[in-house]
Amino acid sequence: MRNLLADNIRIAPEGGFKGFGTLGTVQDQGFMNLATFISMVIGVMTVVAIIWFLFTLITGAISIIGSGGDKQALESARKKITTGVVGLVVVIASIFILDLIGTIFGIDFLDIFSLLGKIQIFQSQ
1428 MRNLLADNIR
1438 IAPEGGFKGF
1448 GTLGTVQDQG
1458 FMNLATFISM
1468 VIGVMTVVAI
1478 IWFLFTLITG
1488 AISIIGSGGD
1498 KQALESARKK
1508 ITTGVVGLVV
1518 VIASIFILDL
1528 IGTIFGIDFL
1538 DIFSLLGKIQ
1548 IFQSQ
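Read left to right, the sequence shown gives residues 1428 to 1552 (our numbering).
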């Protein structure tokens, strides 16, 4: 007896589709490259935020020293330092918020490799 139902027809090969050439044999390399890129961007942005905080702190301190009793210059320097501190707090708080959201939903946003590893585009049957 022949079975001609459409759900028994396999379109994909047994091992799944493979790429051609040396680039096609690398599996999951795209996910790893994307994960590495995202992790590097997060790291670089954090380092830039810390350097920017130090820059605003130092320039604010120099402005306070150089204000010479001028209340307007002193207030401007205080605002500069406050802006730097608020920016640093926002960066640190965003990391903690991402970690908290990840803990609540069971997704580790800060570990990009495991997050992208869970995404499956093609499932072999």
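The beta-carbon is built from N, C-alpha and C at its ideal position, and this holds for glycine as well.
| Asked | Found |
| --- | --- |
| Looking only at C-alpha atoms, which of Ala1504, Ile1485 and Thr1463 sits nearest to Ile1491? | Ala1504 |
| Helix, strand or coil: which one does DSSP assign to Met1428? | For Met1428, the predicted model reports a pLDDT of 49, less than 50, meaning its position is unreliable; a value from the coordinates is still stated below. DSSP places Met1428 in coil when its eight states are reduced to three. |
| By Cβ distance, which residues of its chain are closer than 8 Å to Ile1522, with the 5 residues on each side in sequence left out? | Thr1473 and Leu1537 |
| Please determine, among Gly1487, Gly1495, Gly1533 and Phe1480, the residue with the shortest C-alpha to C-alpha distance to Val1517. | Phe1480 |
| Would you tell me roughly how many angstroms separate the C-alpha atoms of Val1512 and Gly1533, rounded to the nearest one? | 31 Å |
| Do you know offhand how far Val1468's Cα is from Ile1477's? | 14 Å |
| Gly1533 by DSSP, collapsed to three states: which one? | coil |
| Indicate the three-state DSSP secondary structure (helix, strand or coil) for Asp1526 in the structure shown. | helix |
| In this structure, does DSSP put Ser1494 in helix, strand or coil? | coil |
| On a Cα-Cα basis, can you pick out the residue from Leu1515, Lys1498, Ile1519 and Thr1530 that is closest to Leu1484? | Leu1515 |
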